[in-house]
């Protein structure tokens, strides 16, 4: 078997054909990952990249660091809340845009606007809207008599966390719209017609037909958006900078502060590796649960 | 058998063509295939966080005159920011892709980078500019060893000047406050909807940290002892926190998120009766709110009592050359060119009073003094110049202090801004806040 020259040539050819993929994978996945793990074992002054080996010292520091645990909590809170709103708004908007409404094409285009606009521009607009002296939000609420003094949207808690969650939901819900709308268009009308004949109301049709049909796409959307939201940096950094104190500081902001503010690349790498492990744990758990649900629904 | 691409008179194999294309591509990618333009052009990169449109125009003039005098040299300006420069500089040093010249970063950044071997010596540039042209002692903060300079100042700044509205003061029958009590009383009288008393920042950023440091000095204290031991567990530090807290009721609700731009805009727009900023107020008021332009003036920020002298925060905007910057000779010439009178004066006039000259020859020149704003606000500019020349920052708290090369990291850690937020916003006990600051400062100094 091993002596067959044709098999050998095929084996070599196979290795050669797969080699580019393996090389690219190593360059863009394995190397950065191993680098991050390696760096996290050192204390490193960022500008010079010189440092000394500390073993698991950085991880021990993080375990005992209230800042790390608070940042992790903030990251989870932000991810879960903004993701939940994205899904709710995204599915609702997709259902609306799936109906025969006037200017449907225009509405479908416009609803994507927040997703396409640059984060910096979006944040500038929102900071302007939230401004205590000239912001539209405070102005309208003052005019309506809802408040007597302008609200501090970004500088006090819980307002700051609520604000970033809302802006995050606004910015990224169009991604859900795109995915869900595409799936909605492939659900056979016959299912709805049959349900109507059986006397199902609108809510029943949504719960018993639409949602199960959307299940697969929502699993993927939730997975992707959870990953992206978990490592969101620019939107939060530009809106609150992690403040007040560290009330909205998420792990990516902590990585940035450690790496470039405090010039400690080793500790920043340890935070980044911890972040990856947390994310990985949640993803494995999520996929297991999603897989179990699917198996149960198929029984 | 290889096919050939037929051309009149030539027969070239496809393999040869592909090989040639591959080789050409490789050479181009490796940068070994010079084009006529590249062969002659030297490109310099200039970084600065001072990027207001008028300043950019002045920079463009300086770049054009340098390029005209040095054919084949091209200068690219790249913006950084007061909050973002540590990250950008760290990334540049780590990657080896450093800019040629960096301007307007605070002096303590120069000390820190020099200490870590990240800067080129700057003596040659100072000699090109002419050491005798500088104000006495202007380069002292950059003298890292006797006779050895790590950079130089491109200007001075008086960052915590108190700005006042004379019209509102007159209406309220107030005189210029000298002490914190008087300032509080004035703010109380001046605060009438929709005008707030002051635009102090309470955010988690460098401005809050820098303003708080100035309050500690305004209370007669310092963050470190002259030999750089942590010195925050004392009355001066506590009084500074108390004062900061007591001013909260006179500041807009959104001050918890204010940075330099927000604070400036609050005063310039007329939303607050007092301000705290550099001389940039003059240009902004004139351009953006001329209605109040005749009614603004500045004074050094009050202190806890008349016996405590004013302490002005001067970040000593610097010029430095990162280690490893390519084309060092031309880079040094460009750094010196930034001080050539015609361009330097344009740069200073771009924001009169904001960046103050370090060259006495320029300050005394008619060309500098001929600016409409400098003439109109001559008394204010003079006060700011005096304050800036006697100014200090966390990297050099007083003349008795050793240079603190950890100042940049301390500011970036937000330890002071967080202390303000903990005490003012979160109402944490004073003792807890002070001990927390002491512990973190100690960690940062030992790191």
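Chains as they are written, first to last, in this note's numbering: chain A, 22 to 320; chain B, 60 to 506. Note that the Cβ used here is the ideal one computed from N, Cα and C, for glycine as well.
List, in chain order, every chain B residue whose beta-carbon is nearer than 8 Å to that of residue i.
i	result
residue 70 (chain A)	153
residue 213 (chain A)	Neighbours of residue 213 (chain A) on chain B: none; closest Cβ ~49 Å, over 8 Å.
residue 66 (chain A)	175
residue 170 (chain A)	312
Taking Cβ to Cβ, would you say residue i is nearer than 9 Å to residue j?
i	j	result
residue 132 (chain B)	residue 381 (chain B)	no
residue 246 (chain A)	residue 107 (chain A)	yes
residue 223 (chain B)	residue 355 (chain B)	yes
residue 240 (chain B)	residue 493 (chain B)	no
residue 193 (chain B)	residue 407 (chain B)	no
residue 291 (chain A)	residue 54 (chain A)	no
residue 440 (chain B)	residue 338 (chain B)	yes
residue 170 (chain B)	residue 475 (chain B)	no
residue 303 (chain B)	residue 323 (chain B)	no
residue 201 (chain A)	residue 116 (chain A)	yes
residue 323 (chain A)	residue 146 (chain A)	Because chain A is modelled from 22 through 320, residue 323 (chain A) falls outside the range shown and cannot be assessed.
residue 265 (chain B)	residue 471 (chain B)	yes
residue 391 (chain B)	residue 134 (chain B)	no
residue 283 (chain A)	residue 174 (chain B)	no
At a CB-CB cut-off below 8 Å, which residues of chain A make contact with residue i?
i	result
residue 468 (chain B)	282, 283 and 284
residue 481 (chain B)	266
Can you list the residues of chain A that residue i reaches, using a CB-CB cut of under 7 Å?
i	result
residue 263 (chain B)	262, 263, 264, 265 and 266
residue 315 (chain B)	173, 176, 177 and 265
residue 228 (chain B)	None at all; the shortest Cβ gap to chain A is about 21 Å.
residue 472 (chain B)	282 and 283
residue 484 (chain B)	177 and 265
residue 330 (chain B)	154
Please state whether DSSP places residue i in a helix, a strand or coil.
i	result
residue 357 (chain B)	strand
residue 133 (chain B)	strand
residue 255 (chain A)	helix
residue 251 (chain B)	strand
residue 86 (chain B)	Confidence at residue 86 (chain B) is low in this model, with a pLDDT of 39, below 50, so its placement is unreliable and the value that follows should be read with caution. Helix at residue 86 (chain B).
residue 18 (chain A)	The requested residue 18 (chain A) does not occur in the structure, where chain A is confined to residues 22 to 320.
residue 103 (chain A)	helix
residue 328 (chain B)	coil
residue 477 (chain B)	helix
residue 188 (chain A)	helix
residue 298 (chain B)	helix
residue 312 (chain A)	helix
residue 215 (chain B)	strand
residue 65 (chain A)	strand
residue 334 (chain B)	strand
residue 303 (chain B)	helix
residue 106 (chain B)	strand
residue 80 (chain B)	Because the pLDDT of residue 80 (chain B) is 43, which lies under 50, any placement of that residue in the model is unreliable, and the number read from its coordinates should be weighed accordingly. Of the three classes helix, strand and coil, the one that applies to residue 80 (chain B) here is helix, per DSSP.
residue 393 (chain B)	helix
residue 379 (chain B)	strand
residue 423 (chain B)	coil
Quick one: residues in its chain with C-beta nearer than 8 Å to the C-beta of residue i, no 5 flanking neighbours on either side, listed in chain order?
i	result
residue 248 (chain A)	300 and 304
residue 315 (chain B)	261, 262, 480 and 484
residue 328 (chain B)	347 and 348
residue 88 (chain A)	267, 270 and 275
residue 38 (chain A)	none
residue 168 (chain A)	159 and 162
residue 125 (chain A)	118
residue 177 (chain B)	152, 381 and 382
residue 80 (chain B)	With a pLDDT of 43 at residue 80 (chain B), under the threshold of 50, the predicted position of this residue should be treated as unreliable, and no value is reported.
Suppose the cutoff is 7 Å on Cβ atoms and the five residues either side in sequence are ignored; what does the same chain contact list for residue i look like?
i	result
residue 153 (chain A)	159, 171 and 173
residue 238 (chain B)	361, 362, 363, 364 and 365
residue 175 (chain A)	151, 181, 184, 260 and 261
Which residues in chain B have a C-beta closer than 7 Å to the C-beta of residue i? List them in chain order.
i	result
residue 297 (chain A)	The contacting residues do not exist; residue 297 (chain A) stays about 21 Å from chain B at best.
residue 153 (chain A)	311, 312 and 313
residue 275 (chain A)	Going along chain B, no residue has its Cβ under 7 Å from residue 275 (chain A), so there is no contact; the nearest lies around 12 Å.
Ordered along the chain, which non-local residues of its own chain (more than five positions away) have a Cβ less than 6 Å from that of residue i?
i	result
residue 110 (chain B)	138
residue 89 (chain B)	Model confidence at residue 89 (chain B) stands at a pLDDT of 41, short of 50, so the residue's coordinates are unreliable and nothing is read from them.
residue 478 (chain B)	492 and 496
Against residue i, what residues of chain A qualify as contacts under a CB-to-CB distance less than 9 Å, listed in chain order?
i	result
residue 148 (chain B)	68 and 281
(message) Under 8 Å, with one C-beta from each stretch per pair, do the segment 230-247 of chain B and the segment 426-439 of chain B reach the 3-pair mark?
(response) The segment 426-439 of chain B and the segment 230-247 of chain B do not touch, with fewer than three beta-carbon pairs separated by less than 8 Å.
(message) If contact is defined by three or more beta carbon pairs under 8 Å, each pair taking one atom from either stretch, is the segment 58-66 of chain A in contact with the segment 234-245 of chain A?
(response) Segments in contact, no.
(message) Taking contact to mean 3 or more Cβ pairs, one atom from each stretch, closer than 8 Å, check whether the segment 260-277 of chain A and the segment 40-59 of chain A are in contact.
(response) No: the two stretches stay apart, fewer than three of their Cβ pairs being nearer than 8 Å.
(request) For the segment 127-140 of chain A and the segment 190-201 of chain A, state whether three or more C-beta atom pairs, one from each stretch, are separated by less than 8 Å. (result) Yes: the two stretches touch, three or more of their Cβ pairs being nearer than 8 Å.
(request) Answer yes if the segment 277-296 of chain B comes into contact with the segment 207-217 of chain A, meaning at least three C-beta pairs across the two stretches below 8 Å, and no otherwise. (result) Judged by Cβ distances under 8 Å, the segment 207-217 of chain A makes no contact with the segment 277-296 of chain B, as fewer than three pairs qualify.
(message) Is it the case that the segment 206-218 of chain B contacts the segment 242-258 of chain B, given that we only count it when at least three CB pairs across the two stretches are under 8 Å?
(response) With the cut-off at 8 Å, the segment 242-258 of chain B and the segment 206-218 of chain B do not touch.
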